[in-house]
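Asks:
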Amino acid sequence: MPFTLAHPAAILAFSRGPLVPSALVMGSMAPDLTYYVPLPWLDPTHTLLTRTHHASSVFWLDPLLALALLVVFHVLLKRPVVALLPPAAAGRVWQSAERFVWRRATAVWWIALSLMIGAATHVAWDRLNGAFGEEHSTKLDLAGGVLGFAALLAWTWRWWRVTSAQPIPTGLRLPTRLRTVVWGALVAAPLVLGTVGAVSGVRELMAANEMDYSDLPPHIVPPTFTATDMAELAVRRFAVNGVATICVVLAIYAVGWQLSRLATTRSDRGGSTSASLYK
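Following the numbering used here, the numbering of the sequence shown begins with 332 at its first residue and continues without gaps.
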């Protein structure tokens, strides 16, 4: 499978028109959710990751997971993340972020359709890579991920050039020192935990190579893991641990940001004007 964060490249063709961009993005990543976030209460047999990549799941399971991601993004993460961006970026995105609405019936329809289309692009992309056989899947996954990131970078560069920065509301301005601390955590923590996961994976395969398989029946071939196998597992463990760590750090920061805003809003209710932008 291509790297999860490259999958939104497949929805760029649908980003114009009535479809909802954030719902398309969440739909395009939702099938891989349990790869990063274990759900033992929902998936005790660890088969949910396979199930989310079934074609039939595009119409029910994947949109439900994507809807959960969409709610978390818009309710918890969106404004804290905008505040965390450098001013030049925050000034370009905050107005677009505020245009999202849940309430209109037509909006609900387009959100649901966008979630399904996003999920369909994910499953179709994975199926396309798998159609060429397991011996080519790793190379195709790598190539697809590189092309996906290249497409996203090209789109971002074009968007940056044609979008002008607007004044940032007071409620979305983060102190420079706090922004530096959070960004430091977002870089350092994934690097450390990603490296730990990669090293652990390599050690597991090395230990498997050194095990005594002499008591195995003759018809069973003992596993032998090559340097390529170890490198692939190391990269995958690093990516999975890194992305999961980024999500945890972002969630902690976002909860703190929301609580701080809530406390500020409550303290300002007795005054003439609330400091809150979103009363």
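For each residue, glycine too, the CB sits at the ideal point set by N, CA and C. Computed from a prediction, not measured in an experiment: that's the story for all the values here.
For ARG617, which three-state DSSP category applies?
Replies: Since the first residue shown for the chain is 332 and the last is 610, residue 617 is missing from the structure and cannot be characterised.
Asks: Am I right that VAL406 and VAL413 are in contact with their C-beta atoms under 8 Å? What's the rounded C-beta distance?
Replies: Looking up residue 406 in the sequence shown gives position 75. Looking up residue 413 in the sequence shown gives position 82. Wrong, their Cβ atoms sit about 14 Å apart, outside the cutoff.
Asks: Three-state secondary structure (DSSP) at THR383?
Replies: Here residue 383 refers to the residue found at position 52 of the sequence shown. In the structure shown, THR383 sits in coil (DSSP, three-state: anything other than H, G, I, E or B).
Asks: In the structure shown, what three-state DSSP assignment does MET542 receive?
Replies: Residue mapping note: residue 542 aligns to position 211 of the sequence shown, counting from 1. In this structure, MET542 counts as coil in the three-state DSSP scheme.
Asks: From which residue to which residue does the alpha helix (DSSP H) around LEU355 run?
Replies: Position 24 of the sequence shown, counting from 1, holds the residue named residue 355. Unbroken alpha helix (DSSP H) run through LEU355: 352 to 360.
Asks: For PRO339 and SER359, which I take to be in contact (beta-carbon distance under 8 Å), what is that distance rounded to the nearest angstrom?
Replies: The count along the sequence shown starts at 1 and reaches residue 339 at position 8. The count along the sequence shown starts at 1 and reaches residue 359 at position 28. Between SER359 and PRO339 the Cβ distance is about 5 Å, and since that is below 8 Å, they are a contact.
Asks: Exposed or buried, which one is PHE569 when buried takes at least 16 other CB atoms within 10 Å?
Replies: Sequence index remark: in the sequence shown, residue 569 carries index 238 (1-based). Burial call: buried.
Asks: Considering Cα atoms alone, identify which of VAL533, THR494 and PRO362 is closest to TRP456.
Replies: For the purposes of this step, residue 456 is identified with residue 125 of the sequence shown, where counting begins at 1. The shortest C-alpha separation from TRP456 is found at PRO362.
Asks: Is ILE499 helix, strand or coil when you go by DSSP?
Replies: Here the question's residue 499 lines up with position 168 in the sequence shown. Three-state DSSP puts ILE499 in coil, outside helix and strand.
Asks: At the level of alpha carbons, what is the spacing between PRO506 and ILE499?
Replies: Mapped onto the sequence shown, residue 506 falls at position 175. Mapped onto the sequence shown, residue 499 falls at position 168. So the two alpha carbons sit approximately 13 Å from each other.
Asks: Can you have a look at ARG458 and say buried or exposed, based on whether 16 or more other CB atoms are within 10 angstroms of its CB?
Replies: By one-based count along the sequence shown, residue 458 stands at place 127. Burial call: exposed.
Asks: What would DSSP say about VAL368, mapped onto helix, strand or coil?
Replies: Counting from 1 along the sequence shown, the entry for residue 368 is found at position 37. Note: VAL368 maps to coil in three-state DSSP.
Asks: Around the C-beta of TRP588, are 16 or more other C-beta atoms found within 10 angstroms, so that it is buried, or is it exposed?
Replies: Taking the first residue of the sequence shown as 1, we reach residue 588 at position 257. Burial call: buried.
Asks: Applying the criterion that 16 or more other CB atoms from any shown protein chain within 10 Å of the CB defines a buried residue, is SER387 buried or exposed?
Replies: Within the sequence shown, residue 387 is the residue found at index 56, counting from 1. Exposed, since its Cβ has fewer than 16 Cβ neighbours within 10 Å.
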